[in-house]
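Chemist: Residue numbers (the numbering used here), protein chains in the order written: chain P, 3 to 264; chain E, 3 to 264.
Where a beta carbon is used, it is the ideal one built from N, C-alpha and C, also for glycine.
Every value quoted in this text rests on a predicted model; they were computed, and no experiment measured them.
This structure is in structure tokens; I'll ask about it shortly.
Protein chains: 2
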Amino acid sequence: MAGTDHTKTTEPALKGLTTPAVILVEPQLGENIGMAARAMLNCGLTDLRLVAPRDGWPNKDALAASAGAVQVIEAAQVFETTTEAVADLNFVLATTARHRDMTTRIVTPHQAAAEIHAVLGEGENRAGILFGREAKGLKNDDVTQADAIVMVPVNPGFSSLNLAQAVFAVCHEWYLAAIDEQEPSGLAIPKETRPASKDELNGMLKHLGDELEDAGFFHVEGKRPVMERNLRNMFQRANLTEQEIRTLRGVISSLTRTHEKK
Amino acid sequence: MAGTDHTKTTEPALKGLTTPAVILVEPQLGENIGMAARAMLNCGLTDLRLVAPRDGWPNKDALAASAGAVQVIEAAQVFETTTEAVADLNFVLATTARHRDMTTRIVTPHQAAAEIHAVLGEGENRAGILFGREAKGLKNDDVTQADAIVMVPVNPGFSSLNLAQAVFAVCHEWYLAAIDEQEPSGLAIPKETRPASKDELNGMLKHLGDELEDAGFFHVEGKRPVMERNLRNMFQRANLTEQEIRTLRGVISSLTRTHEKK
């Protein structure tokens, strides 16, 4: 194909619409980061976040491969951990090529697009899509940060997608839904609250983890990381609101504090 | 993303289905040809045709960039002209990034996929999709070989798609139509467990409610029914498995029992 606007960058096409962030976790080749940035801007997206890019940042190869998506490359933010990269987001999707042995909802890019639009259509919410590093994909610990898994349906006999290709496959569905001005559908949230940020969810999980640590729960079970991941998966899946996080923290405090008085 | 089958190539996923050809007209970089071949095989396509590739054929860069799509690269046919390359085809689409000053029907990749399937479903028909060279796209003489134009909807302010990206965008719609939403979607549940019954969910909620009653939680809040409903909503939404219900009961017992001992 190859467009006629090879080096032209203009304002994002979708003014007024809140757009999701693209988070590349431990990307290896600068060239792939650049091609991913190009794919993002093809789809009207500009919020690029990098978690621990192998070759550091900025990266000349990334700029060269972006084919003019300079605004995306220059505004990219770098984080040390996935947790930090998603801290301000209310809704996170993880893109994976294979099934995980986890109880997590799986959606197609088409469904993912509808859900992102539904979440972003409500007030101040922010959403993001995680992509793993080349060849290995996301670690389970990254996937557990997500509300759902996106799987791009591909030939099961040859399922390895180029990183930028995966970014395009997911983001393009978002773009198609955006220009279609589809009616949002999805979770109905009461007006007086909003989806919890990942930071709030993590705070509650840490509260619970610390109390369970005190209670010897992990010692008995003998496998804290697995158990913590299981707990995270459950609460992640519930799409908790900020109000519900506060309720749960009240529950945890109540269960522990009162018994301490006995 | 990055699959687990990085170098694995197997038989096409869609046995019995006639698949369209992908025709790259005057491609310049071997790397782009290789990435296009990879994108094709991701979508179950294997019939690659090259019209006058700039750097000749075979091309080592193409093989390297194909990431294991060797069967596509090795079976590629080379032609001198577009006319020869499409000679045996009954239905041809031309992918372009911009409007042509021609009276030609324009379709989206989604519509193109439906038309290709309709044509290929009838007897001995063959179909193909044309892609132009990098930066310049197809010449008008190439486009006139086609029954219709495919345009991938992208950000009008940054519409230059990487060649392999364009190949993927069009071919993937064909693949999605081919598998016809047979891909599993929904909650992935590990084999060793199953969704909890309502009875199990209610048992856990009663356990939690009783402990909170003891802890004075509802008294403080002053509105037990509302609070119980809120808690039920959260856990209901999480689609818990039977195993997770047991984990949660362990959590409740652990938080209360240990503190009773203090």
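Can you tell me the Cβ-Cβ gap for L91 (chain E) and A38 (chain E), rounded? I've got them flagged as a contact below 8 Å.
Modeler: By one-based count along the second sequence, residue 91 (chain E) stands at place 89. By one-based count along the second sequence, residue 38 (chain E) stands at place 36. No, L91 (chain E) and A38 (chain E) are not in contact; Cβ-Cβ is about 18 Å, not under 8 Å.
Chemist: Given a threshold of 16 other Cβ atoms within 10 Å of its Cβ, counted over all protein chains shown, does G158 (chain E) qualify as buried or as exposed?
Modeler: Within the second sequence, residue 158 (chain E) is the residue found at index 156, counting from 1. In the sequence as presented, Gly is not what sits at residue 158 (chain E); that position holds Pro. Flag for P158 (chain E) reads exposed.
Chemist: One question on the structure: do V152 (chain P) and V121 (chain P) come within less than 8 Å of each other, judged by their Cβ atoms?
Modeler: Residue 152 (chain P) sits at position 150 when you count from the first residue of the first sequence. Residue 121 (chain P) sits at position 119 when you count from the first residue of the first sequence. No, the pair does not count as a contact, with Cβ atoms beyond the cut-off.
Chemist: I181 (chain E): which of E:A96, E:H119, E:A148 and E:A66 sits nearest, CA to CA?
Modeler: Counting from 1 along the second sequence, the entry for residue 181 (chain E) is found at position 179. The shortest C-alpha separation from I181 (chain E) is found at E:H119.
Chemist: For the candidate residues P:F170, P:P227 and P:E117, whose alpha-carbon lies nearest to that of L47 (chain P)?
Modeler: Locating residue 47 (chain P) in the first sequence gives position 45, counting from the first residue. The shortest C-alpha separation from L47 (chain P) is found at P:F170.
Chemist: Distance cutoff 8 Å, beta carbons only. Does E213 (chain E) sit that close to anything in chain P?
Modeler: Position 211 of the second sequence, counting from 1, holds the residue named residue 213 (chain E). It does: the Cβ of E213 (chain E) has a partner Cβ on chain P nearer than 8 Å.
Chemist: Which residues in the same chain have their Cβ closer than 8 Å to the Cβ of M42 (chain P), if we skip the five residues on either side of it in sequence?
Modeler: Translated into positions along the first sequence, residue 42 (chain P) becomes position 40. Answer for M42 (chain P): V24, T48, L50, A71, V74, V169 and C173, listed in chain order.
Chemist: Assess, as a yes-or-no matter, whether the region 93-100 of chain E is touched by the region 129-144 of chain E under the definition of 3 or more beta carbon pairs within less than 8 Å.
Modeler: The region 129-144 of chain E, when compared against the region 93-100 of chain E, does touch it at the 8 Å Cβ threshold.
Chemist: Could you work out which residues of chain P lie near M236 (chain E), taking near to mean beta carbons separated by less than 7 Å?
Modeler: Residue mapping note: residue 236 (chain E) aligns to position 234 of the second sequence, counting from 1. Per Cβ cutoff of 7 Å: A240, L242 and E246.
Chemist: What separation, rounded to the nearest whole angstrom, lies between the Cα atoms of Q79 (chain P) and S162 (chain P)?
Modeler: For the purposes of this step, residue 79 (chain P) is taken as the residue at position 77 of the first sequence. For the purposes of this step, residue 162 (chain P) is taken as the residue at position 160 of the first sequence. Roughly 27 Å separates the two Cα atoms.
Chemist: Just checking: is the beta-carbon of I25 (chain P) within a distance shorter than 8 Å of some beta-carbon in chain E?
Modeler: Here the question's residue 25 (chain P) lines up with position 23 in the first sequence. For I25 (chain P), the answer is no, since every Cβ of chain E falls outside 8 Å of its Cβ.
Chemist: Relative to the C-alpha of L210 (chain E), which residue among P:N235, P:N232 and P:I254 is closest?
Modeler: Taking the second sequence and counting its residues from 1, the one referred to as residue 210 (chain E) is at position 208. If we check each option's Cα against that of L210 (chain E), P:I254 comes out closest.
Chemist: Compare the C-beta of N44 (chain P) with all C-beta atoms of chain E and state if any pair is closer than 8 Å.
Modeler: As a working mapping, residue 44 (chain P) is identified with position 42 in the first sequence. Cβ-Cβ to chain E under 8 Å: yes for N44 (chain P).
Chemist: Note down, in chain order, every chain E residue with its Cβ under 7 Å from the Cβ of I181 (chain P).
Modeler: Translated into positions along the first sequence, residue 181 (chain P) becomes position 179. The contacting residues are P155.
Chemist: From the beta carbon of F93 (chain P), is the nearest beta carbon of chain E less than 8 Å away?
Modeler: Counting from 1 along the first sequence, the entry for residue 93 (chain P) is found at position 91. Taking Cβ atoms only, chain E never reaches closer than 8 Å to F93 (chain P), which makes this a no.
Chemist: Go through its chain and collect everything with a Cβ distance to T273 (chain P)'s Cβ below 8 Å, but skip five positions before and after it.
Modeler: The requested residue 273 (chain P) does not occur in the structure, where chain P is confined to residues 3 to 264.
Chemist: Identify, in the order they occur along the chain, each residue of the same chain with its Cβ nearer than 7 Å to the Cβ of V88 (chain E), setting aside the five sequence neighbours on each side.
Modeler: Here residue 88 (chain E) corresponds to residue number 86 of the second sequence, with the count starting at 1. Around V88 (chain E): I25, V94, G130 and Q147.
Chemist: Among all the DSSP beta bridges, which residues are the ones paired with A96 (chain E)?
Modeler: Counted from its first residue, the second sequence places residue 96 (chain E) at position 94. Answer by DSSP bridge pairing, in chain order: E:L132 and E:I151.
Chemist: Got a sec? Which residues, its chain only, sit under 6 Å from L242 (chain P) by beta carbon, not counting five neighbours each side?
Modeler: Within the first sequence, numbered from 1, the residue matching residue 242 (chain P) stands at position 240. Taken in chain order, the residues that qualify are A198.
Chemist: Look up A23 (chain P) in the DSSP assignment and give the residues it is bridged to.
Modeler: Start at 1 with the first residue of the first sequence, and residue 23 (chain P) comes out as number 21. DSSP output for A23 (chain P) lists P:G130 as bridge partner(s).
Chemist: At what residues does the beta strand (DSSP E) containing F237 (chain P) begin and finish?
Modeler: Locating residue 237 (chain P) in the first sequence gives position 235, where the first residue counts as 1. No beta strand (DSSP E) contains F237 (chain P), which is instead part of the alpha helix (DSSP H) from R226 to R239.
Chemist: To the nearest angstrom, how far is it from the Cα of A150 (chain E) to the Cα of W176 (chain E)?
Modeler: Along the second sequence, one-based indexing puts residue 150 (chain E) at 148. Along the second sequence, one-based indexing puts residue 176 (chain E) at 174. Going by the C-alpha atoms only, they are around 16 Å apart.
Chemist: Please state the DSSP three-state secondary structure of Q79 (chain E).
Modeler: As a first step, residue 79 (chain E) is located in the second sequence; it is residue number 77 there, counting from the start. Strand.
Chemist: Just how far apart, CA to CA, sit G252 (chain E) and A137 (chain P)?
Modeler: Looking up residue 252 (chain E) in the second sequence gives position 250. Looking up residue 137 (chain P) in the first sequence gives position 135. Rounded to whole angstroms, G252 (chain E) to A137 (chain P) spans 38 Å at the Cα level.
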